[in-house]
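Trainee:
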Amino acid sequence: MKPAPFAYHRPGSLADALAILAGDPDAKVLAGGQSLVPLLSMRLAAPSALVDINALPGLADITVTDGRVRVGALARHAAVLASEEVRRHQPLLALALAHVAHATIRNRGTSVGSIVHADPSAELPAVLALLDGALEVASVRGTRVIPASELFVGPLESALEHDEIATAALFPVLPAGAGVAFEEIARRHGDYAMCGVAAVVDGDSVKAAYVSVSEVPTVVDLTGVPDADLGEAALARLDPADDIHATAAYRAELVRVLTERVVARARGEAAA
Amino acid sequence: MTTKLMGQGVQRVEDQRLLRGQGRFVDDVLVGQGTLHVAVLRSPHAHARIRDIDVSGVLDVEGVHAVWTYDDLAGLAPNMADPLPLLIPHPALTQGRTQYALAKDEVNYVGEAVAFVVAEDRYLAEDAVGRIQVDYELLPPVVGIEAARAADQLVHPDVPGNVAARLVQDTGAPGELEAAMAAAPHRLSLDLTVERSACTPLEGRGTVARWDPDTNRMTVWSSTQTSTGVRAVVAAKLGLDLGQVDVVTPDVGGGFGVKINHPWPEELLVPLAARALGRPVKFTEDRREHFISSAHERGQLQHIEVGFDDDGRLQALEVTFWHDHGAYIPYGLIVPIITSTQLLGPYKPRVYRVTFESLYTNTVMVTPYRGAGRPQGCYAMERTMDAIAAYLGKDRTEVRAANFIQPDEFPYDQRMTFQDGRELEYDSGDYPAMLEKIKALIGWEEFPRFREEMAAQGRQVGIGLACYVEGTGVGPYEGAHVHIETSGKVKVATGLTSQGQGHQTAFAQLVADELGVRFEDVEVVTGDTRRMAYAVGTFASRAAVMSGSAIHLAAKRAKEKVLRIAAEALEASEDDLEIVDGIVSVRGTTAHIDLGTIAVLSNPLRYAFDERSKLATQFSVGDPGKPPVAEDDEPGLEGKDFYSPERSTFASGMHAVIVETDPRTAEIKILKYAVVHDCGNLINPMIVEGQIHGGVAQGVGGALYERMVYDESGQLLNASFMDFLMPYVTEVPDGIAIDHLETPSPLNPLGIKGAGEAGVIPSAAVFASAISDAEGFPITAMPISPSDLFQLRRTLTEEPS
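First to last, the sequence lines map onto chains P and C.
All residue numbers for the first sequence refer to the working numbering, where the first residue is 1 and numbers rise by one.
All residue numbers for the second sequence refer to the working numbering, where the first residue is 273 and numbers rise by one.
1. Going by DSSP, what residue range makes up the beta strand (DSSP E) through C:TYR395?
2. Put C:GLY329 into one of helix, strand or coil per three-state DSSP.
3. Assign P:ARG261 to one of three DSSP states: helix, strand, or coil.
4. Could you tell me which of P:ASN107, P:VAL80, P:VAL255, P:GLU85 sits nearest to P:ALA96, measuring between CA atoms?
5. Nearest CA to the CA of C:GLU681: which residue from C:LEU631, C:SER630, C:TYR619?
6. Counting only C-beta atoms, is P:ALA19 closer than 8 Å to chain C at any point?
7. Taking 6 Å as the limit between beta carbons, can you name the residues of its chain near C:ILE855, skipping five residues before and five after?
8. Short check: CB of C:ILE823 to CB of C:VAL754, under 8 Å?
9. With H, G and I counted as helix, E and B as strand and the rest as coil, what does DSSP make of C:TYR372?
10. Tell me which same chain residues have a C-beta within less than 8 Å of the C-beta of C:MET273, skipping the five on either side of it?
11. At what residue ranges does the stretch 721–757 of chain C contain a whole run of the beta strand (DSSP E), taking only runs of 3 or more?
12. At 3 residues or longer, and completely inside the stretch 846–929 of chain C: list those beta strand (DSSP E) runs for me, N to C.
13. For C:THR261 and C:TYR945, what's the separation of their Cα atoms in angstroms?
14. Answer with buried or exposed for C:ALA422, where buried requires no fewer than 16 other C-beta atoms within 10 angstroms of its C-beta.
15. Going along the stretch 372–397 of chain C in order, which residues come within less than 7 Å of chain P, judged by CB to CB distance?
16. With distances taken Cα to Cα, identify the nearest neighbour of P:PRO5 among P:ARG106, P:HIS77, P:PRO47, P:VAL255.
17. Taking P:PRO172 as part of the beta strand (DSSP E), name the residues at either end of that continuous run.
18. Taking 7 Å as the limit between beta carbons, can you name the residues of its chain near P:LEU230, skipping five residues before and five after?
19. For C:THR526, I'd like the list of residues in its chain whose CB is within less than 7 Å of its CB, leaving aside the five on either flank, ordered along the chain.
20. So if I threshold CB-CB distances at 8 Å, which residues from the stretch 225–249 of chain P count as touching chain C?
21. Determine, using beta carbons only, whether C:GLY693 and C:THR635 come nearer to each other than 8 Å.
22. Leaving out five residues on either side along the sequence, give the residues of the same chain with a beta carbon under 6 Å from the beta carbon of C:VAL530.
23. Cutting at 6 Å between CB atoms, please list the residues of its own chain near P:SER114, excluding the five before and the five after it.
24. Quick one: what's P:ILE244 bridged to in DSSP?
25. Pull up the distance between the alpha-carbon of P:PRO147 and that of P:VAL127, whole angstroms please.
26. Anything in the stretch 252–267 of chain P with a Cβ closer than 7 Å to a Cβ of chain C? List those residues in chain order, please.
27. Chain P beta carbons: is any one of them nearer than 8 Å to that of C:PHE628?
28. Taking buried to mean at least 16 other C-beta atoms within 10 Å of its own C-beta, is P:ALA209 buried or exposed?
29. Nearest chain C C-beta to P:ALA198 closer than 8 Å, yes or no?
30. Closest Cβ-Cβ distance between C:ARG560 and chain P: below 8 Å?
31. If we ignore side chains and look at the alpha-carbon of each, how far apart do C:THR777 and C:LYS276 end up?
32. What residue does the alpha helix (DSSP H) around C:ILE417 start on, and which one ends it?
33. Closest by CA to C:THR1067, which one among C:MET1054, C:PRO1055, C:PHE1049?
34. Kindly indicate if chain C contains any beta-carbon less than 8 Å away from that of P:ILE165.
35. Using a Cβ-Cβ cut-off of 8 Å, state whether P:ALA193 counts as contacting chain C.
36. In three-state DSSP terms, what is P:GLU85?
The following block contains the structure:
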């Protein structure tokens, strides 16, 4: 469990980082390393170089401006989870982050890194998708904003080009009177969920997003669906699969149970 | 008067060091400059013939010092080309097969060692491993017990039916079981499954070796449960005398059984490389390697036929089981023999016959894992008890009580041969009293009301109970050496190893009590062949019983000499002496002498080394007419003794649990867990309770979380802690209610029994019992996950029987 040889760069400016990345098509960006480093150790990934962005200035900021919570690329899960301002403006982030792995991993792992990794078992991609957020990315070619709806291409596959670095994630703040909820069921506390559901209720609108039951984070519009049909309506859009921890049928049942619970709770929050 | 420490919850002296990160494990051993590192090429296939191994791509790699395959072994040491030893032969084990240190011609499980690389560091060694080309011819793998029994394919072509051994034990005369079964008023049969799991200590295997060419001596540091076992086999395989090999076991980060197996291929290849290359060599196993190339346990299929009377008393019990021992069987039949004998628990069936087959499969081999076959036996018996209770409509505790061996029936001969080749004869116990305690502790009588209250809230709960008897403290022997220094401090050595049990504490308590010294003045060393060359090892809950007794006896011998010298020095009778806090005094007087001075006096000196030692020099002491050391005496204040019991001592226990199962998500929540435990006299209740806590946690893992998921090609799909679900603190019971019973063992001077494995033995049984109770249908396969339970509910609803 030792990585194959790779070159290591720790640039001091975003421009330098982008230049190195543009010059090496086999290089990978290292932020928190909570997914990448195990892949390296197991030699499931063997990049030619790592571009460590931890020395880049200004990327750890968490701000609320223009109706959006902006989480910088180096903001750790723990910092986002601890931010009162984030909790006030978009409570769904804290609700979801409480389920992300364990304290030691949250101390090091970054929220933007988790989104870029695009793991359908991860909480934050589903949150970004549900809230219709976006990702700010930069490359030597310039900057652009990728909306969540275009970001998640497949399992562990995002729309980022190789030479791009995600610099921030943008989560719209929760409108007044709206409510959110999140719940998941995992084998052990902190494990990847067998199924997770996030919901947002705003007036008549009811939407839910799902973790671990589809190949990419999937948002289902449940507006107007009678309570008794919520689970089946969601399942029509989802594709739960078997793995060693749960059968597809069991996951489908978790979709039903959690959809009912989470929508009800989001409604409760909206009414509160 | 010094307080007796036996029975006191003395704080563990190990913890300051271990909890502050100051433990010193094999990977921390510094053996000087120039240590080389190892990586092993392991088979990616479960069953294949090796056509060719091409190492040419590795030889020229900068930093690589050696690349060995099987063909190199004979040239390195004459015995290395032979298979690894079959550690525990048995007459019924007619088809024993063990692996070679490096695969010869074929591989039989994913993870089997094929080539061995030594390089400047582990990174380079892994790079080199990646460049070795092996041409495999794939063979059909045998995965799972059903496939092994079907024997459409064979693991070893010369082993018919994949059967290594078939063993039958019958407590009755020929035909007696059949007659008793036929005469029984009621009969039931059960088919049960237990899946594979594993010890998974947080520290994997590891070995460091240094060869000293000037003295022709080998020093090996290994993360093992038997340093003397490793020493013997390293010497034998490398063609060395025992006196040329020292094995030191530093801190061990958990063993749980897996490290009693030896030698691992690396345990021989590392010293071999150290000698061949003239540099220290280190192997530290990584997590994936531990999953696929150490050992597993637990996998069995069981079939039970039972005949019983109206009270549920066992008239005839016939058990047949199939034990999956993996690709090789170095540890012999110990695990299935333990299952077959310890299955009986606290009960006395009129006649019992058990038959098992130990089967080869193309998976990681099986050696003992904490409990070592007992959890499976307990599961078989306790599922049977529950089935009888359900059939008769009786309370589950009543059926058990009807079958208990009674307190006045000890010693009780179960008419079987145990794992040590001796009679399965229980020494002591009080099972009815224990049952009363566990019922009170869990709230058995109050449970029906609790169930109703929960049901009113739409919640579903169940209660379960499981009883076991555990043979502990097996032989052949352990020894101890107690040395009182001239400082008055006491150095104790015993040869078995420690993996965190708190031996330094518990053994020091025994020495402090026997010698009358301060606990702080006693230092205990374990697992170092330089300090104690004769020893067996740490397994079968034997350390306290075996080494504890030996240490007690050795301390007694040292004390005899202390009193003899003190009596002479104080001109008093030995009978009038007492030792308190390291001072020997004559009762009722002020005359006294300290142990350090006695140690000085015990060793006639020519040369003084300090002020006090002048007392022992030639012009100060001794009768010029006699030799300074009497003919039947020896210099120094030491005691050495060995303890070797006739047979094992039998601890016992009962666990009970209340679980809640979610009607929709099938999540299984532990509401209350209770343990009553009897390991005879307690040396240190805090350590015993710690062992129980750890065992219960491991048992929760085994019952509800952990399993080895092999696919049909023999790949282990969950060879990581991400997918092998060892429970976190969040998954184990939040508090365990514990009560003790102390029925002393008559077999050893301290009246103690072992406690190391107890906590894990009844886990599968007790959870199956409680979940069955909550769900209203029998659970027959363990472990069980929420997904399994959900599917089971569906099957039972969709296909009502």
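Just so it is clear, CB atoms sit at the ideal spot from N, CA and C, and this is done for glycine as well.
Mentor: In short:
1. No beta strand (DSSP E) holds C:TYR395; the alpha helix (DSSP H) holding it covers 394–403.
2. helix
3. The answer is helix: DSSP assigns P:ARG261 an H, G or I state.
4. Closest by alpha carbon: P:VAL80.
5. C:TYR619
6. no
7. HIS864, ASP866
8. A contact, by the Cβ cut-off of 8 Å.
9. coil
10. The predicted model places C:MET273 with a pLDDT of 43, which falls under 50 and marks its position as unreliable, so this point remains unresolved.
11. Inside the stretch 721–757 of chain C, DSSP marks whole beta strand (DSSP E) runs of 3 or more residues at positions 733–744, 750–756, from first to last along the chain.
12. 849–852, 855–858, 864–866, 910–915
13. Within the shown structure, residues of chain C are numbered from 273 to 1073, placing residue 261 of chain C beyond reach of any answer.
14. exposed
15. ARG394, TYR395
16. P:PRO47
17. For P:PRO172, the uninterrupted beta strand (DSSP E) run begins and ends at 165–172, by DSSP.
18. LEU222, THR259, GLU260, VAL263
19. It should be noted that the sequence gives Gly, not Thr, for residue 526 of chain C. The answer, listed in chain order, is PRO473, LEU474, GLU475, GLN771, GLY772.
20. ILE244, HIS245, ALA246, THR247, ALA249
21. no
22. CYS471, SER566, ALA567
23. Exclusion of the five residues before and after P:SER114 leaves ALA122, LEU124 as the residues of its chain whose Cβ lies within less than 6 Å of its Cβ.
24. P:ILE244 pairs with nothing; no bridge assigned.
25. 13 Å
26. GLU253, LEU254, VAL257
27. no
28. buried
29. Proximity of P:ALA198 to chain C, defined by a Cβ-Cβ separation below 8 Å, is not satisfied.
30. yes
31. 14 Å
32. 417–422
33. C:PHE1049
34. no
35. no
36. helix
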